[in-house]
Amino acid sequence: MIESWPAPAMGKAPRVRASSMPGSLVDLAASGVDMVVWARDVPPVWHETLETCALPDGCITLAGTLDEVTLALRRPDLRRRYPAFLVEDVAQTAALVATLAVCTSLTVMLGDPAAWPGADPLPAARLRALCCYGAGTVDWVSGRVGGCDLVSSISPYALAFVPAWGEAHVAWRFARLRERAVGLEIVAG
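Taking my numbering, the leading residue of the sequence shown gets 4, the next gets one more, and so forth.
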């Protein structure tokens with residue numbers, strides 16, 4: 004487990020807990036945590052597949068209940084756009100987010116990190132999950148020193164969970180390291 008608790012001199016930066024263990028997600032219920040990162044290990048074939056497949060430009064948005072989003076992810080046109088492992092992981096992550104947020108209404112955005120819209124603050128009682136598959140990261144401002152933002156990142160394939168009930172706004176963005184990246188954002192509420 005890694006914890007990042009910013010010093011008061013660095014401003015109102017988010018408090019982050021990260022672990023490679025899925026049990027770390029229970030930290031979302033703890034007060035005083037603004038983001039929980041699950042730095043999961045993924046099969047090598049995920050990396051290999053994204054290095055060789057053609058990825059589409061732009062982003063797609065799916066919205067509705069968990070069942071509606073799951074059905075949309077099963078559409079043949081969507082399955083032709085993305086590798087099967089990625090579509091399945093998005094479906095499982097959407098179900099996890101719906102469970103953690105105790106909510107059935109979801110918005111799922113999936114696509115090229117370079118085409119991503121900006122990050123907005125979350126309304127109350129919502130949870131946001133972020134992941135960058137392949138050659139990209141999720142970055143956030145983790146404080147300020149000397150008038151400059153300090154930026155922290157999570158590794159590709161890690162899942163970041165940002166609860167709206169956290170005290171500090173998490174100013175995040177996707178960073179594409181190379182062409183082979185797919186961003187995922189799931190908002191529950």
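Note that beta-carbon positions come from the ideal geometry of N, C-alpha and C, so glycine has one too.
query                                                                                                                                                         : result
So does A32 have its beta carbon nearer than 8 Å to some heavy atom of the ligand MG?                                                                         : Absence of the ligand MG is noted for the structure shown, with no ligands found whatsoever.
Looking only at its chain, what residues have a beta carbon closer than 6 Å to the beta carbon of P86, apart from the 5 residues adjacent to it on each side? : T52 and C56
As a quick exercise: from W119, P47, V40 and T68, pick the residue whose alpha carbon is nearest that of T107.                                                : T68
Between the segment 169-188 and the segment 132-150, do three or more beta carbon pairs fall short of 8 Å?                                                    : yes
Determine the direct distance from the alpha carbon of R84 to that of M38, and round the result to whole angstroms.                                           : 30 Å
Beta carbon of V45, beta carbon of A21: below 9 Å?                                                                                                            : no
R18 and V29: beta carbons closer than 9 Å?                                                                                                                    : no
Does DSSP put E170 in a helix, in a strand, or in coil?                                                                                                       : coil
Considering only DSSP beta bridges, list what A178 is partnered with.                                                                                         : T140
Taking the alpha carbon of I63 as the point to measure from, which residue in R82, V105 and K15 has its own alpha carbon closest?                             : R82
Find out if the Cβ-Cβ distance for the pair F164, L65 is shorter than 9 Å.                                                                                    : no
Are D115 and R179 closer than 9 Å when you measure CB to CB?                                                                                                  : yes
By the DSSP assignment, the alpha helix (DSSP H) with L153 in it spans what residues?                                                                         : Run containing L153: none in the alpha helix (DSSP H); it sits in the beta strand (DSSP E), C151 to I157.
Is T107 helix, strand or coil by DSSP?                                                                                                                        : coil
If you drop the 5 nearest sequence neighbours on each side, which residues of the same chain put their C-beta closer than 6 Å to that of V72?                 : L65, A97, L109 and V111
Classify W119 as helix, strand or coil using the three-state DSSP reduction.                                                                                  : coil
Can the beta-carbon of A191 be found closer than 9 Å to that of R131?                                                                                         : yes
Looking at the strands, I want to know which residues DSSP matches up with L130.                                                                              : P166 and A191
Report buried or exposed for A16, applying the criterion of at least 16 other Cβ atoms within 10 angstroms of its Cβ.                                         : buried
What residue from A101, A104, S156 and F88 has the CA that sits closest to W49's CA?                                                                          : F88
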